[in-house]
Amino acid sequence: MGRGKVNGLGCVLVVIVKGGEAETFSFACVCLNQVVQCRDIALKIKAVSEKLDDIAKEKAMYGFELYRATDHELQRLTSTSLVDESSVCGRDDEKKIVVSKLLAGSGQEARDMEVISLVGLGGIGKTTLAQLVFNDSEVATHFQEKIWVCVSEPFDGVRIAKAILEHLKVSTSNLVELQSLLQSVSQSINGKRVLLVLDDVWTEDHRLWEQLKPSLVGCARGSRILVTARKGAVAMMMGTNHRIDIETLYDDACRSIFNHMAFLDRSKEECERLEDIGNNIANKCKGLPLVAKLLLKLPALIFMLARQSFHLNFMFSPDFHYFLSHFIFSLKFGTL
Ligand SMILES: Nc1ncnc2c1ncn2[C@@H]1O[C@H](COP(=O)(O)OP(=O)(O)OP(=O)(O)O)[C@@H](O)[C@H]1O
Ligand SMILES: [Mg+2]
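Its first residue numbered 1, the sequence shown is counted upward by one per residue in UniProt numbering.
Here it is in structure tokens:
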């Protein structure tokens with residue numbers, strides 16, 4: 001009772017015989033589907049376009065100006081090995097684990113240069129933990145050379161090699177090429193037990209690491225490379241022997257960070273009165289130390305707004321945008 005035929009346009013002609021009469025419906029299946037899809041897309045484009053128009057109107061109404069952070073501003077802060085240990089809360093267990101991995105097997109059974117990676121979310125405290133470990137007294141006596149390099153982005157072999165040589169007090173003034181720098185690195189660490197911290201590694205390009213790695217193989221057994229990275233893929237690319245996932249801080253450690261800074265200049269009575277509020281806010285940090293620190297910056301923002309409240313235009317002034325973009329920039333790049 002039904003017949004189908006594909007015509008020249010790729011349409012399917014279906015003939016349905018009903019009550020002796022043939023009704024012919026031409027369903028342009030393929031074409032029809034395309035038409036429906038196009039219509040859906042067109043409607044979506046129209047909706048997006050209307051939304052953009054609304055945003056543009058609001059931008060004009062409030063006098064917003066586009067603020068573009070410069071490359072200089074977007075650079076991540078360079079870390080160093082220095083840390084104020086009195087301001088660090090928690091991480092005792094993690095520190096013990098990392099230190100034990102660094103010191104393990106220093107005898108004949110020790111393997112060549114092992115790679116230990118600290119992996120975790122941005123702002124969770126990887127660099128801070130690496131700093132604690134780097135400055136540990138047992139670690140200091142165990143290794144003949146301790147070298148801290150902030151790798152960041154881009155992974156620049158020449159810069160890393162220069163930083164290593166600078167730590168080893170080797171002059172790099174007449175060395176320009178990666179080849180000669182790496183040769184010098186290789187000679188300078190040969191036979192020494194070395195701890196090399198590569199902080200904040202981002203690249204997943206194994207070729208960059210493989211270029212550098214051979215210069216490090218001559219150091220003594222028991223030498224270690226300690227890497228910090230947000231992504232597990234980076235740890236894998238570095239040929240990690242031990243990966244340590246850094247978890248969020250316990251609530252009490254987070255509360256300590258928050259309360260320590262929030263109540264710094266307050267009287268004892270004031271601290272007692274505000275303790276519950278402080279604890280409640282600190283509990284919202286979800287164990288992220290960076291968030292605890294950032295929340296402490298918020299009152300400054302609110303205070304500033306309150307002071308300026310009789311100048312409502314300030315809210316829409318370039319000063320405010322500048323302040324806000326720096327605040328958000330700090331939040332994103334963990335520079336607080
Ligand atoms: N245990 C801690 N106690 C107190 N402050 C901490 C602790 N851990 C981290 N912080 C603070 O939190 C901020 C972020 O820490 P850190 O730079 O170590 O994070 P990160 O994991 O290395 O982040 P990123 O992935 O961006 O490099 C820093 O200001 C640091 O001082
Ligand atoms: Mg870091």
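Every residue gets a Cβ at the ideal spot worked out from N, C-alpha and C, and that includes glycine.
Contact between the stretch 226-246 and the stretch 111-128 is present: three or more C-beta pairs spanning the two stretches fall below 8 Å. Judged by DSSP secondary structure, T127 falls within the alpha helix (DSSP H) whose first and last residues are K126 to F134. The alpha-carbon separation between L182 and V197 amounts to approximately 17 Å. For S186, the uninterrupted alpha helix (DSSP H) segment begins and ends at L178 to I189. Cβ-Cβ separation between A282 and F258: approximately 4 Å, consistent with a contact (criterion under 8 Å). Within a 10 Å sphere around the beta-carbon of T78 sit fewer than 16 other beta-carbons, which makes this residue exposed. If only complete runs of 3 or more residues are kept, the stretch 40-123 shows the beta strand (DSSP E) at 114-119, in order along the chain.
Under the DSSP definition of a beta bridge, S152 partners with V201. In the DSSP annotation of this structure, the continuous segment of the alpha helix (DSSP H) that includes R255 starts and ends at D251 to A262. Contact between L226 and I116 holds, since their C-beta atoms are separated by about 5 Å, short of 8 Å.
Note that the stretch 42-52 does not touch the stretch 90-100; fewer than 3 beta-carbon pairs, one per stretch, sit closer than 8 Å. In this structure, the C-beta of S180 stays at least 8 Å away from each heavy atom of ligand 2. In the DSSP assignment, T141 falls outside any beta strand (DSSP E) and within the unbroken alpha helix (DSSP H) covering S137 to H142.
Contact between G125 and Y250 is ruled out by a C-beta separation of about 12 Å, above the 8 Å threshold. Per DSSP, the unbroken beta strand (DSSP E) holding L226 starts and ends at R224 to A229. In this structure, D200 and T127 form a Cβ contact; the two beta carbons are roughly 7 Å apart against a cut-off of 8 Å. Separation of V83 and P289 (C-alpha to C-alpha, rounded to the nearest whole angstrom) is 15 Å. Residue pairing by DSSP places L195 opposite K146 and R224 in a beta bridge. Rounded to the nearest whole angstrom, the C-alpha separation of V149 and S267 is 41 Å. Here S87 is exposed. Its C-beta has fewer than 16 other C-beta atoms within 10 Å.
In the three-state DSSP reduction, I244 falls in the strand class (E or B). Note that the C-beta distance between L195 and S223 is below 9 Å.
Between the alpha carbons of I164 and S184 lies a gap of roughly 10 Å. Counted as a single uninterrupted DSSP element, the alpha helix (DSSP H) harbouring L165 occupies residues G157 to H167. With a 10 Å radius around the Cβ and a threshold of 16 neighbouring Cβ atoms, S215 comes out buried. When the beta-carbon positions are compared, G239 and L208 stay at least 9 Å from each other.
Here K162 is buried, its C-beta having at least 16 other C-beta atoms within 10 Å. A check of alpha carbon separations from A130 across L102, A233, N190 and E58 identifies L102 as the nearest.
Just measuring C-alpha positions, the residue of F155, K286, E275 and H260 sitting nearest T248 is K286.
Per DSSP, reduced to three states, the secondary structure at G232 is helical. Taking 9 Å as the cut-off, the Cβ atoms of S81 and F134 count as close. In the DSSP assignment, L212 falls within the unbroken alpha helix (DSSP H) covering H206 to L212.
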